[in-house]
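A.B. asks: In the UniProt record's numbering, the protein residues as written are 1 to 230. Positions of the beta carbon are idealized from the N, C-alpha and C atoms, including for glycine.
1. For residue 41 and residue 14, what's the separation of their Cα atoms in angstroms?
2. Would the segment 138-156 and the segment 13-30 be scored as touching if the rule is three or more Cβ pairs under 8 Å?
3. Applying the criterion that 16 or more other CB atoms from any shown protein chain within 10 Å of the CB defines a buried residue, is residue 28 buried or exposed?
4. Out of curiosity, what's the CA-to-CA distance linking residue 128 and residue 195?
5. May I ask you to report which of helix, strand or coil DSSP gives residue 42?
6. Measuring straight from C-alpha to C-alpha, what distance separates residue 203 and residue 125?
7. Taking only the alpha-carbon atoms, compute the straight-line gap between residue 2 and residue 63 and give it to the nearest angstrom.
8. What does a CB cutoff of less than 8 Å around residue 96 pick up in its chain, not counting 5 residues either side in sequence?
9. Evaluate residue 160 with the Cβ neighbour count: other Cβ atoms within 10 Å of its Cβ, from every protein chain shown; 16 or more gives buried, anything less gives exposed.
10. Could you tell me which of 33, 174, 8, 198 sits nearest to residue 139, measuring between CA atoms?
11. DSSP three-state call for residue 193: helix, strand or coil?
12. In chain order, which continuous runs of the beta strand (DSSP E) of length 3 or greater are located wholly inside the segment 24-100?
13. Ignore the nearest five residues each way along the sequence and tell me which others in residue 73's own chain have a CB closer than 7 Å to its CB.
14. Could you please give the first and the last residue of the uninterrupted beta strand (DSSP E) stretch that includes residue 164?
15. Would residue 36 and residue 30 qualify as a contact pair, given that the criterion is a beta-carbon distance under 8 Å?
16. Is there a Cβ of chain D sitting closer than 8 Å to that of residue 35, yes or no?
17. Do the segment 202-221 and the segment 178-188 meet, that is, are 3 or more Cβ pairs less than 8 Å apart?
18. Using the C-alpha atoms, what's the distance from residue 158 back to residue 81?
19. Could you pull the DSSP bridge partners for residue 199 from this structure?
20. Given this structure, state the Cα-to-Cα distance separating residue 23 from residue 168, to the nearest angstrom.
21. State the Cα-Cα distance for the pair residue 239 and residue 11, rounded to the nearest angstrom.
22. What is the C-beta distance between residue 47 and residue 53, in whole angstroms, given that I count them as a contact (C-beta under 8 Å)?
23. I need the DSSP call for residue 7, collapsed to helix, strand or coil.
24. Closest by CA to residue 210, which one among 87, 86, 59, 146?
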């Protein structure tokens, strides 16, 4: 998403940076893992296709992606992001079933400007959340929870959604537990897609976010500061 193309979010243990071309080879290596592809619902791509996907995601208005960096590893390796990459965190603008019901009962607008305004208002009304800690050695350290909370705070402050939705594989108990700890509750289960849907509203998440260490900054300026510091 262009809106976060030059945004960095610094937390206590992780740093979120935009998904850049230099991250793609590591991301591609992660996606060679069949188990990760299954859990994230991803297709296997060639390296060239992965680069093309990165470019597309950068321009899409309905996707927001950050690469998750281990802050300690980043600082220990002189700001080398590739050695600090542990996963990614994503937001997707989706249509909610409740929104579809509302659409069917809403009168048809007669003004094209009103149509555009309604579409813009609906864009990030319902947000699907996705977190992946791809590096096995980096799991169980709280990186996923903090990265997801940082992303949720970014969404509340900048995208103003009404509901957060997580779609998780039925047997991915670790991910279900993570979202439950954050404040999500089970909403439905789809046995055909082997998927559980969990939901939370911004209001239910505010208590956790109040104590979150989060600094929003300019990615280019942050990289320059890191370079000079090392």
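C.D. replies: Answer, in terms of the structure:
1. 24 Å
2. yes
3. buried
4. 14 Å
5. coil
6. 14 Å
7. 9 Å
8. Same-chain partners within the cutoff: 125, 126, 163, 165.
9. It is exposed - the Cβ of residue 160 has fewer than 16 other Cβ atoms within 10 Å.
10. Of 33, 174, 8, 198, the residue nearest in Cα terms is 174.
11. coil
12. Counting only runs of 3 or more residues that sit fully inside the segment 24-100, the beta strand (DSSP E) segments are 63-70, 85-94, in chain order.
13. 83, 84
14. 163-169
15. yes
16. No chain D appears in this structure, which consists of one protein chain only.
17. With a cut-off of 8 Å, the segment 178-188 and the segment 202-221 count as touching, because enough Cβ pairs lie within range.
18. 25 Å
19. 165, 185
20. 25 Å
21. Because the chain is modelled from 1 through 230, residue 239 falls outside the range shown and cannot be assessed.
22. Between residue 53 and residue 47 the Cβ distance is about 11 Å, and since that is not below 8 Å, they are no contact.
23. strand
24. 146
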